[in-house]
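Heads up, the thing below is written out as structure tokens.
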Amino acid sequence: MPAKIIQTNPKPFERVEVEPITLDLIENALRNARTEMDAVLFRTAMSPGIREQHDAFPMIANSAGKMVVGQFGSFIWGFTEGYDGDIEEGDIFLTNDPYSCNGAVSHLNDWLTMKPIFRDGRLVAWGAMFGHLTDVGGRVPGSLPTDAHMIYEEGIQIPPVKIYRRGEVNQEVLNLCLRNTRTEEWNRSDFNAIVAALRLAERRVHEICDRFGDDMFYSAMEDMLDRNYQAMKAIIHMVIPESQNKFYFEDYIDDDGIGMGPYKVACSLWREGDVAIFDFEGTDPQSVSSVNFLLNEEMFKMFLGAFTINLFDPQILFNDGFYPLVEVRIPKGTILKPVRPAALSCRTHMLGRIFDIMGGLLGQGAPDALNAAGFSDSPHFMYSGYNKDGEWYQLYQIGFGGIPGRPVGDGPDGHSLWPAFMNVPNEFLEAYFPLRIVTYETIPDSGGAGLHRGGNGVSLGYQFLEPGEISIHDDRWLTYPWGVNGGQPGGRSTKLMVRKDGSKEHLPSKCDKVKVEPGDTLYFNTWGGGGWGDPLKRDAWKVAQDAKRGLVSREGAFRYGVVLRDDLTVDEGETKRLRERMAGERGEIGMFDRGGTVEELKARCKAETHLDPPSAPVFQKWMRRDAAVAAE
Amino acid sequence: MTTSDDPVRRYEARIAELEARLRRMEQFVGSGQMPEGVEAVASRPARRSGQGYRLGIDVGGTFTDLMLIDERSGKTYVAKVSSTPKDSSIGVLNGIEKICREAGVDPAEINHVMHGTTVATNTVLTGSGALVGLVTTRGYRQVLQIARSYVPGGLGGWVIYNKTDPLAPLELTVEAHERIGADGTVVEPLDERRMREDLKALKEGGIEALTVSLFNSYANGAHERKIRDIAADVLPGVPVSISSEVMPEMYEYERTETTVVNSYIRPVVSNYVENLQAELDRRMSGVHLQILRSDGGLSSSQAAKSAPVNLLMSGPAGGVSGAIWIAKQSGYENLLTFDMGGTSTDVALIESGVAQKRRETRVADVTVRAPSIDVRTVGAGGGSIAYVPELTKALRVGPQSAGADPGPAAYMRGGEEPTVTDANIVLGYLPGAARLGGDMAMDDSLAAKAVQKVADALGLPLKRAAEGIYNIVNENMFGALRLVSVEQGYDPRNFALIAFGGAGPLHANALARLMGSWPVIVPPGPGVLCASGDATTKLRDEASRTLVVRFEATSNGEIAAALDELAGQAAQSLEREGLGRGDQTVEYEIDLRYSGQGTALSVTMSPEEFRQEGLEGVGRRFDALHEQMFTFNLDQPHELVNLRAVVQGRETMVSAREMESGTGDPARAVTAETTVYVDGQDRQAKIYARDRLMAGDRVPGPAIVTEMDATTLILPDHYAEVDRVGSLLIRPVN
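In the order they appear, the protein sequences are chains A and B.
Mapping of the first sequence onto my numbering: position 312 corresponds to residue 312, and the numbering continues sequentially without gaps.
Mapping of the second sequence onto my numbering: position 631 corresponds to residue 1631, and the numbering continues sequentially without gaps.
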């Protein structure tokens, strides 16, 4: 049963004509409000994930719950559909349960808060925010068990709850939630910070209404949604040509943390009239492990909007207005639409990979929009234990890697694909955790060769100073970040443990509860971005410059057909000869270079990665798609 | 398609604009209307009684402004000459000759010269700094390459983001074999022999300045100092900046970037300061040259040369300091400053006569950890271009700017895009009759033609579209002013808005209407404002260190001793400037946070207060501040982050010149009548000449007040009162 909204004033808002200038003024005011929400949150949150890495996202939606400003699209509608209760002035709702909000948040660490904003007894807007909390309980510190089979192992599940009722905090429920986490104080502080940001959104909405009038504000938000609809209509026509043929693309996550993989995501794209259709038919069934990603259809639309709008007019304030122009079909029971109680905590890899899928699909219709595969992930590192003073320490950190080569230029080295994310300063890590960071640099040659080079991945060397346990969550250790238009794939990720006695272990990409002792060093190596365009056409002096900078090795320069002398200057004659020879020997340049088929990669796996290839996924019967459909 | 090169282009445009304005000024000078040539003045031994004259100098892109203060009487003199960007000391000396002649003062009687300069900023903006070599700790060579891994723009912003190369090229970065722990202990001693070899390689690379920034050096700078000693030997004459001295604070990227910027601008700034000092010495022996710092304090010329990173906002700081001073004469100490120029606008907040500070300074893409007045810059000004994207039909203004070339359409230099200035012309806010001040010729019809493009795209009448542009720009400014006020817990209605810069007084009345900040203060002569800021500001220095420790793990005695030591360090530099301890005041700034929290807040206490209240008092002040800014407190232990001692000289009480009183009726100043378009309708307005207004005059809106380098718009239902120091105070009638 959908939620009941209690409005003491029954008079509906009136849609009035908004002059274009007024519309732009209100749009700017809302944009400013969102910036302020971020500022308040980042200054007051306590966990490094939110505070330093900015893993939190604000939104302001209209009374119907459609996002007007924000990043990831609205989840209000999914929530109100699923919430059986009243919504009143002064309420704030909290949930972290993906299955209760149709994947608006996609694992239990993301706490989503929503605040209805009332004016004179009428619901006029929503403020909302979600952020990644360091720990929400469950089996392992950080609450992201790689080998969980059910969501119960991943921490406390909070179905939508009124955490503030008419302005009064429900302290007992809040205490209950916090009590079930390993980082109670951080979470309390993060929660307070999120609420402070929501209150700020409320104040801003009131100010805008005071200035322009309630009906004007209401109508302006409707107009902003309409405006976005029109803009995206044009964009969709530009990037997705109507054709008899459907575009098709597939990509993978490499394994599920329990030895099986890769898992395939398949998607077809075509346009019917104004409507773009993304059909995930052919995607693998859900995993028995925790790598499932409950993909919210509307969030996928938002990814599409963000991806394409940046190419045309980055100043456009994108919002939910264009949603009717996109149809997303995700078969139930697949790894993108798992059935409860499937585990979800390690969805980050599949979430990232969605961007590669989207790029690979859109690039076929709009070559100008074709980027190579990039750092489509946010790998995690976790380290916890008791220090010598008997205090519990727990680190959760996100890794960074290579942005792909793109039409606009080289991919930056060691950067983020996600908005607002920043790395944690290593001096901060050493000051607060029993760690010595022995190296923090990018990995030469890990960026795919291309006319525009892919960015390099990062090698971060953690030397442990206290006994403890670590967890690693990464991917792309088997399949390559592909290159495009002649660009080569980027380097894959590796995890190398050098024990105190000098012995080496190649750790799997996903693992938990690995014991470490003082003096052990983990090299957490992320992957590079794929290359864009023909590497033989890259200016040789640029290759030489990269070599002098330590970003490309002398051997790596051969991938560009560039021969460098001992002093790393270009040997023009040799380079010309080599480039001619390479151009003659290679065949037709394809659109995508994946570095081999999955079968080939598996066959070479042990030799190249020191790890056994994953076995083909086995799906439990009850998780099979036909069973899920039958169960409905 | 927009690219991330836009900020660069914007700043290039800004420089081009400055240069073009200068060329215009040179023609102006050539026409003989400006100051004549400089006569040589014989210098004679200076009196160092401490009771003489002090001189403030502001070098702008167009004008060099000066203010001379008689320390005995508090009497002031002002002068304006054209700037000479190739070697700005020439303009400065011209100005000194002029002001001394007009005031009848012997230059030798000037004891102190205080100078706000944009030389540091321009070095960054034009990329004309030194070739910097960098030494990092092994494993951290790419600290600037990776930076903080941040990609600007929202979701999908990476698709169009191109990162700029570090200011210290990676190929000129070497690693020291050494390691310091987070607690300051030496984990691995420095391999000095190897370092020597690597520095030789940098010498081969032709570096002009060297930065040493080692990991954890905020906790122990011994290895950095050792490398500096080696460099003195291997690289004689190459200035070395070490991070543990430039910015001894945690966070390796920020500390390295800050120190590299210091190295980058150091040779240029040193040269400039040395030349100026030499020229001054020739005329006024023993004169003390002091440079305005980004945080509004003064630094000795020696400190300016070794730590120029503290001067990046020297120019804007002069404006803010001047605004504080002039507003105080009008009786206002809570201010929002609004400095709107051709391509960008600076805003800042002042509470009780003290500007808000921040611990970082931004210039273009460069962010450094150096204290500065919290000036926020919006990339919008008079030259910002308005456009309507096909996709959304939204009206956008900036960040693209017409710069100086071609400039606004009305400037008749081939510009066709409508700018904010063009909109102001269409609206009648810059009437031809108001442009008598010798500014360049304009063609109003070209402005109308350009703005018509926006009007057509929006389907609106011309003037309505122009007003839209005007309002959108104001909304952007409003956003920036919110960041310095509301976001920091201040209600803008408790602040007056002080407007300067070429375009500030045109937009201030409308902006104040949005914010409820009254009165609007338009001080006389925006350039002189900066010079007066330079002249009236106090000598200041600070010393700081990072000390991350929870309250329970330290003691009042330990912290008091640390603060006292810092105060001693800072006091020494003022003593070297001839300011005895008895004339100094000391303040402690203590950065702290709840343990585990990210951003620290800064609490200010006097040494007496700290002696009496100790850490408990620090915690109490912090809780109150946290409550004000964030609306809640935490039940977490307090943790110190940084300690700082700020030492200042005493304030010089200087009054602005008082203006003659009139009858209250400004009719004598009316020069013409015109039509202005406000709130959707045409209104008849009078044009007043500012130099004919007198104290006590009340100018009813709508009205336009013109002067040589600024135009003030007074809206209908508002009035401006001329106060005794000549400032216009605009308020609503009701």
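Think of the CB as a built atom: it goes at the ideal place given N, C-alpha and C, for glycine as much as any other residue.
Source: prediction; values computed, not measured.
Opening and closing residue of the beta strand (DSSP E) in which residue i lies
| i | result |
| --- | --- |
| TRP392(A) | 392-398 |
| LEU1497(B) | 1496-1500 |
| THR35(A) | Element bounds for THR35(A): not the beta strand (DSSP E) but the alpha helix (DSSP H), 20-44. |
| ARG271(A) | 263-272 |
| GLU1639(B) | 1638-1649 |
| VAL132(A) | Looking at the sequence itself, residue 132(A) is His, so the reference to Val does not match. Element bounds for HIS132(A): 122-132. |
| SER1300(B) | 1298-1300 |
| ILE1110(B) | 1110-1116 |
| ASP512(A) | 510-516 |
| LYS162(A) | 161-165 |
| ALA1176(B) | 1173-1176 |
Where residue i falls: helix, strand or coil (DSSP)
| i | result |
| --- | --- |
| ARG1282(B) | helix |
| TYR432(A) | helix |
| THR1164(B) | coil |
| TRP418(A) | coil |
| ILE316(A) | coil |
| LEU1601(B) | strand |
| THR1258(B) | helix |
| VAL1008(B) | With a pLDDT of only 39 at VAL1008(B), under the threshold of 50, the placement of this residue in the model should not be trusted, and no figure is reported. |
| MET1034(B) | Note that MET1034(B) scores a pLDDT of 30, beneath 50, so its modelled location is shaky; the value from the coordinates is reported in the next line. MET1034(B) falls in the coil class under three-state DSSP. |
| VAL458(A) | strand |
| PRO617(A) | coil |
| THR479(A) | coil |
| PHE1478(B) | helix |
| LEU1289(B) | strand |
Within 8 Å, strictly: CB atoms of residue i and residue j
| i | j | result |
| --- | --- | --- |
| PRO159(A) | THR80(A) | no |
| TRP482(A) | ALA369(A) | no |
| CYS511(A) | SER471(A) | yes |
| LEU108(A) | SER378(A) | no |
| THR1211(B) | LEU1131(B) | no |
| LEU336(A) | PHE280(A) | yes |
| HIS1748(B) | HIS1115(B) | Because chain B is modelled from 1001 through 1734, residue 1748(B) falls outside the range shown and cannot be assessed. |
| SER1544(B) | LEU1563(B) | no |
| PRO1406(B) | ILE1385(B) | no |
Endpoints, the alpha helix (DSSP H) within which residue i is located
| i | result |
| --- | --- |
| GLU1707(B) | It is not in any alpha helix (DSSP H) - GLU1707(B) instead sits in the beta strand (DSSP E) that spans 1703-1707. |
| PHE303(A) | 297-312 |
| ALA196(A) | 184-212 |
| GLU574(A) | 572-585 |
Contact list for residue i against chain A, beta-carbon separation under 8 Å
| i | result |
| --- | --- |
| GLY1221(B) | Residues of chain A passing the Cβ test: none, with the nearest at roughly 14 Å. |
| ARG1482(B) | ASN32 and GLU36 |
Chain B contact residues for residue i, given Cβ-Cβ distances below 8 Å
| i | result |
| --- | --- |
| ARG227(A) | THR1392, LYS1393 and ALA1394 |
| GLY461(A) | GLY1139 |
| VAL484(A) | In chain order: nothing, as chain B lies at least about 13 Å away. |
Contact set between residue i and chain B, taken where Cβ atoms lie within less than 9 Å
| i | result |
| --- | --- |
| PHE400(A) | ILE1146 and SER1149 |
| GLN71(A) | GLY1154 and LEU1155 |
Per-residue contacts from residue i into chain A (C-beta, under 7 Å)
| i | result |
| --- | --- |
| ALA1512(B) | Correct list: empty, because the minimum Cβ distance to chain A is about 14 Å. |
Cβ-heavy atom distance, residue i to the ligand NAP, below 7 Å
| i | result |
| --- | --- |
| TYR1272(B) | Absence of the ligand NAP is noted for the structure shown, with no ligands found whatsoever. |
Q.
Short of 9 Å Cβ to Cβ, which residues in the region 175-193 of chain A face chain B?
A. Answer set for the region 175-193 of chain A: GLU185, TRP186, ARG188, SER189, ASN192 and ALA193.
Q) Along the region 545-556 of chain A, what residues have a CB closer than 8 Å to any CB found in chain B? A) Result list: GLN545, LYS548, ARG549, GLY550 and LEU551.
Q. If contact means a Cβ-Cβ distance below 9 Å, which residues of the region 1114-1142 of chain B contact chain A?
A. Of all residues in the region 1114-1142 of chain B, ARG1138, GLY1139, TYR1140, ARG1141 and GLN1142 have a Cβ within less than 9 Å of some Cβ in chain A.
Q | Selection of the region 1669-1687 of chain B by Cβ proximity to chain A, strictly under 8 Å | A | Of all residues in the region 1669-1687 of chain B, none comes within less than 8 Å of chain A when Cβ atoms are compared.
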